[in-house]
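*Asks:*
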DNA sequence: GTTTGTTAACGGTACCGTTCCGTTTCCCTA
DNA sequence: TAGGGAAACGGAACGGTACCGTTAACAAAC
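Residue numbers (my numbering), protein chains in the order written: chain X, 1 to 214; chain D, 1 to 214.
#1: Is the CB of residue 132(X) under 9 Å away from at least one CB in chain D?
#2: Taking the CB atoms as reference points, tell me whether residue 45(D) and residue 28(D) lie closer together than 9 Å.
#3: What would DSSP say about residue 95(D), mapped onto helix, strand or coil?
#4: Quick one: does residue 159(D) have its CB under 9 Å from some CB of chain X?
#5: Looking at the secondary structure, which residues open and close the alpha helix (DSSP H) in which residue 129(X) lies?
#6: Tell me whether the segment 180-191 of chain X and the segment 87-106 of chain X touch, counting them as touching only if at least three CB pairs, one residue from each stretch, are closer than 8 Å.
#7: Is it right to say residue 101(D) is buried, meaning 16 or more other beta carbons lie within 10 angstroms of its own, or is it exposed?
#8: Quick one: using the 10 Å Cβ neighbour count with 16 as the cut-off for buried, is residue 127(X) buried or exposed?
#9: Please check the pair residue 110(X) and residue 113(D), which I expect to be a contact at CB under 8 Å, by giving their CB distance rounded to whole angstroms.
#10: In chain D, what lies closer than 9 Å to residue 33(X) by C-beta?
#11: Against chain X, with Cβ distances strictly below 9 Å, would residue 11(D) count as a contact?
#12: Is the beta carbon of residue 190(D) sitting closer than 9 Å to the one on residue 80(D)?
#13: Taking a Cβ distance cut-off of 8 Å, strictly less, list which residues of the segment 143-169 of chain X are near chain D, in chain order.
#14: Under 9 Å Cβ-Cβ, which residues of chain D neighbour residue 178(X)?
#15: Enumerate in chain order the residues of its own chain whose CB-to-CB distance from residue 65(X) is below 7 Å, with the five nearest sequence positions on each side excluded.
#16: Excluding the five sequence neighbours on either side, which residues of its own chain have a C-beta within less than 8 Å of the C-beta of residue 1(X), listed in chain order?
#17: For residue 198(D) and chain X, any beta-carbon pair shorter than 9 Å?
#18: Using the C-alpha atoms, what's the distance from residue 158(X) back to residue 41(X)?
#19: Between the C-alpha atoms of residue 193(D) and residue 49(D), what's the straight-line distance to the nearest angstrom?
#20: How about residue 194(D): is its C-beta nearer than 9 Å to some C-beta of chain X?
#21: Would you tell me roughly how many angstroms separate the C-alpha atoms of residue 68(X) and residue 56(D), rounded to the nearest one?
#22: Are residue 165(X) and residue 167(D) closer than 9 Å when you measure CB to CB?
#23: Here's the rule: buried if 16 or more other CB atoms are within 10 angstroms of the residue's CB, otherwise exposed. What is residue 33(X)?
#24: Under 9 Å, Cβ to Cβ, is there at least one residue of chain X near residue 106(D)?
#25: Please say whether residue 196(X) and residue 146(X) have beta carbons closer to each other than 9 Å?
#26: Only counting runs of 4 or more residues, tell me where the alpha helix (DSSP H) segments fall wholly within the segment 106-189 of chain D, in order along the chain.
#27: Name the residues in the segment 74-91 of chain X whose C-beta lies less than 9 Å from a C-beta of chain D; which are they?
#28: Can you pull the chain D neighbours of residue 189(X), defined as C-beta to C-beta under 8 Å?
#29: Could you pull the start and end residues of the alpha helix (DSSP H) that residue 78(X) belongs to?
#30: Looking at the C-beta of residue 139(D), does it have a partner C-beta in chain X at a distance below 9 Å?
#31: Quick one: is residue 57(D) near chain X, going by C-beta distance under 9 Å?
#32: Give the straight-line distance between the Cα atoms of residue 176(D) and residue 116(X), rounded to the nearest whole angstrom.
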């Protein structure tokens with residue numbers, strides 16, 4: 001796309017408009033759901049005319065799917081040489097901090113909620129958010145399995161489903177939820193999954209890992 | 001409530017109207033979500049005047065929460081003397097059949113999706129649907145744990161979260177899903193949880209268990 | 001000056017929560 | 001047995017708001 005091809009004639013599109021629209025669409029989607037989001041409100045919130053939206057996306061579902069897709073943050077980058085248990089416990093605090101945020105919690109819930117009626121949105125989330133994280137995690141699980149750090153009968157995919165699913169389930173549960181509670185919960189899940197808590201080397205501190213969760 | 005207290009004067013409310021309204025509200029909620037459901041449409045679908053709805057429930061959220069609450073089916077009744085593994089594998093087929101139904105799948109997704117913006121609906125589901133099932137299952141898990149049929153470090157609540165969460169996660173995943181696939185998946189989850197597959201006694205057939213799921 | 005982007009305004013539809021109808025169904029008293 | 005009162009019923013309409021998808025007119029970039 002950065003290829004030579006001549007620039008199309010006429011006035012080029014404002015790239016800032018794309019970003020503003022996607023951001024506004026995501027905010028409204030998180031707060032009001034698909035059915036409660038209208039192109040008109042997205043346009044108003046983005047400070048843009050309706051036609052500016054319609055020109056780029058043909059409808060609500062397509063727009064929201066694009067917004068979800070654009071919302072993914074930096075791809076995960078797990079250290080391949082660190083044992084799974086060390087990674088898990090080391091990242092637990094940062095993980096908890098991240099997924100407990102109301103905005104994240106609400107977005108996950110919304111995406112889940114649309115899976116039946118608007119599969120495109122769920123598919124966008126799954127492809128651009130969930131799958132990359134699973135792909136990054138899988139080799140660590142397989143290595144742990146090969147080294148005997150996990151029960152022999154472990155199926156990596158099912159294990160990931162169970163861990164992510166449990167966290168998701170916990171997030172969706174009614175009632176307040178703070179980061180400390182969630183951290184404890186994460187550790188319980190790791191333990192239940194069969195991971196041994198690593199004994200922290202003296203002076204070693206938990207190493208934050210950016211962007212994770214179900 | 002069946003107590004003596006005199007019947008209030010005037011025409012009594014039509015109980016059929018309650019049922020029709022709740023049914024219509026649940027259908028519309030499943031199909032269009034909270035934000036896409038209007039009292040007006042509920043009334044029309046139920047063949048009832050708007051006022052008949054407003055007389056009973058003060059607003060949309062309250063109505064839908066009541067509809068979700070009323071949609072719960074017969075309480076589970078697990079045989080306390082059967083080993084957990086036998087119950088799990090015996091009920092897997094019926095379970096799979098049940099939770100794969102589009103209506104169930106969609107309802108779970110919708111409820112999950114409202115957990116952030118409309119906690120009352122999620123709370124109704126949790127209290128009247130999830131909790132009773134967990135309460136029925138817990139003693140079986142504790143017994144299995146005591147008998148050594150589960151890993152010693154097992155935390156019953158976390159285990160239930162992981163099993164239910166995994167299934168939920170699988171339900172929300174995009175793409176088609178048939179009962180046979182789901183049955184295999186359920187069995188994978190049971191195995192991953194640490195349950196040993198029971199060797200079926202000759203002539204013994206899977207025993208259906210009514211109404212389960214996340 | 002041609003192409004495209006942006007904005008403002010269009011008519012039409014749906015829903016809101018409320019308020020009237022005229023009717024129906026029950027309880028209580030005369 | 002005959003009435004009268006109280007409440008619920010379906011249906012229609014209220015003014016007000018929001019959104020739909022499109023079109024016409026102005027502005028900007030090439």
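We put the CB at the ideal spot given by N, CA and C, even for glycine.
*Replies:* Quick answer:
#1: no
#2: Yes, they are a contact pair.
#3: helix
#4: yes
#5: Per DSSP, residue 129(X) belongs to no alpha helix (DSSP H) and is neither H nor E.
#6: Verdict: yes, contact present.
#7: exposed
#8: Result: exposed.
#9: 6 Å
#10: Here the neighbours are 33, 34, 35, 36, 113, 114, 117.
#11: no
#12: Not in contact: residue 190(D) and residue 80(D) (Cβ atoms no closer than 9 Å).
#13: Against chain D - using a Cβ distance shorter than 8 Å - the residues of the segment 143-169 of chain X are 151, 153, 154, 155, 158, 159, 161, 162, 163, 164, 165, 166, 167, 168, 169.
#14: Those within 9 Å of residue 178(X) in chain D number zero; the least Cβ separation is about 16 Å.
#15: 120, 121, 124
#16: Since pLDDT at residue 1(X) reaches only 37, below the 50 mark, its modelled position is unreliable, and the value read off the structure follows with that caveat. Excluding sequence neighbours, residue 1(X) sits near nothing in its chain.
#17: Not one chain X Cβ lies under 9 Å of residue 198(D).
#18: 41 Å
#19: 51 Å
#20: yes
#21: The alpha-carbon atoms of residue 68(X) and residue 56(D) are separated by roughly 38 Å.
#22: Cβ distance < 9 Å, so residue 165(X) and residue 167(D) count as in contact.
#23: buried
#24: yes
#25: no
#26: 119-125, 131-146, 156-172
#27: none
#28: 158, 161, 162
#29: For residue 78(X), no alpha helix (DSSP H) run applies, since DSSP gives it neither H nor E.
#30: no
#31: no
#32: 11 Å
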